[in-house]
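Using the working numbering, read the sequence shown as starting at 6 and increasing by one per residue. No residue lacks a Cβ here, since even glycine has one placed at the ideal position from N, Cα and C.
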Amino acid sequence: MSSITNIAAGVQAFTSNAFLVTGDRTVLIDAGNEFDAPERIREHTDDLDAVVLTHTHPDHIGNLTAVTEAFDVETWGFDPSHALVDTPIADGERIPIGDSTYEVLHTPGHKDDHCCLYASATGTLFAGDLIFANGSFGRTDLEEGNRETLVESIEYVLAKTDETLTAIHTGHGASVTDSPYDNIELARRAAELY
6 MSSITNIAAG VQAFTSNAFL VTGDRTVLID AGNEFDAPER IREHTDDLDA VVLTHTHPDH
66 IGNLTAVTEA FDVETWGFDP SHALVDTPIA DGERIPIGDS TYEVLHTPGH KDDHCCLYAS
126 ATGTLFAGDL IFANGSFGRT DLEEGNRETL VESIEYVLAK TDETLTAIHT GHGASVTDSP
186 YDNIELARRA AELY
């Protein structure tokens with residue numbers, strides 16, 4: 006059974022969450038920023054198979070080079086032109102993470118290369134900066150941000166998931182395990198209104 010650990014928990018710096026998913030294929034989802042990520046990974050495992058990015062904002066990739074060099078692994082991401090992306094992933098592609106298969110959902114609006122990762126078998130969604138707890142949603146005032154596109158991306162995730170969703174692991178703040186599907190709907194409504 007996969008375990009999911011936010012190795013950035015408790016870090017007092019400008020960082021995203023960074024989720025270590027152990028199992029058949031141990032993967033770090035986002036590398037975070039401004040903390041010793043390799044040391045925190047080694048508290049849980051000696052081996053890492055890959056890093057998968059939700060997107061390439063600095064707070065999500067600041068530790069990336071340190072991680073890839075420490076574990077000699079490739080980085081998977083949506084933008085193959087980005088210097089730190091070794092292996093491109095595409096919308097609808099299925100990739101192994103932990104003990105599950107996750108579908109890549111291309112979800113721009115916060116950033117053009119933004120993706121969510123969804124395992125229907127376990128009801129687990131890695132949402133990056135698309136949506137957050139309590140119906141919050143990603144910023145659209147940064148370069149490549151677009152509110153209308155963000156709303157479309159939230160609707161796409163709503164269509165791909167359902168009430169069997171058990172957890173949303175977000176790019177910042179707490180994971181959502183209480184009515185996670187309803188949280189996506191709240192984020193959609195909020196993004197449309199505000």
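Environment of residue i [buried if 16+ CB atoms lie within 10 Å]
| i | result |
| --- | --- |
| P85 | exposed |
| P185 | buried |
| D51 | exposed |
| T171 | exposed |
| P63 | exposed |
| D146 | exposed |
| T166 | buried |
| L53 | buried |
| G143 | buried |
| G67 | buried |
Those residues which DSSP pairs with residue i across a bridge
| i | result |
| --- | --- |
| P101 | T106 |
| V56 | L33, T80 |
| P93 | G82 |
Close beta carbons around residue i, own chain, < 6 Å, minus the five adjacent residues each side
| i | result |
| --- | --- |
| H65 | S21, D35 |
| I201 | Lying outside 6 to 199, the shown extent of the chain, residue 201 is not represented and no answer is given. |
| D91 | E79, T80 |
| G97 | none |
| E149 | K116, D117 |
Candidates the options: closest to residue i by CA position
| i | options | result |
| --- | --- | --- |
| E157 | G128, F137, A126, A192 | A192 |
| T154 | F137, T31, H115 | H115 |
| V162 | A138, E190, V72, R152 | E190 |
| A195 | E160, V16, D183, E168 | E160 |
| H111 | G128, H119, E74 | H119 |
| G82 | A18, A95, G103, S7 | A95 |
| Q17 | R30, F40, M6, S7 | F40 |
| F76 | F19, I46, S105 | I46 |
Contacting residues, own chain, Cβ-Cβ under 7 Å from residue i (five flanking each side not counted)
| i | result |
| --- | --- |
| I9 | F24, V26, H174 |
| F131 | F24, I34, T59, C121, L122, H174 |
| L69 | A36, V56, T80, L89 |
| T169 | G128 |
Own chain residues within Cβ distance below 8 Å of residue i, not counting five before or after
| i | result |
| --- | --- |
| N188 | I136, A138, N139, G140, I173, V181 |
| R152 | G114, T145, A196 |
Nearest-angstrom Cβ-Cβ length linking residue i and residue j, presumed shorter than 8 Å
| i | j | result |
| --- | --- | --- |
| H177 | D134 | 7 Å |
| A55 | V32 | 5 Å |
| A71 | P93 | Actually they do not touch by this definition, with Cβ atoms about 22 Å apart. |
| G28 | G103 | 3 Å |
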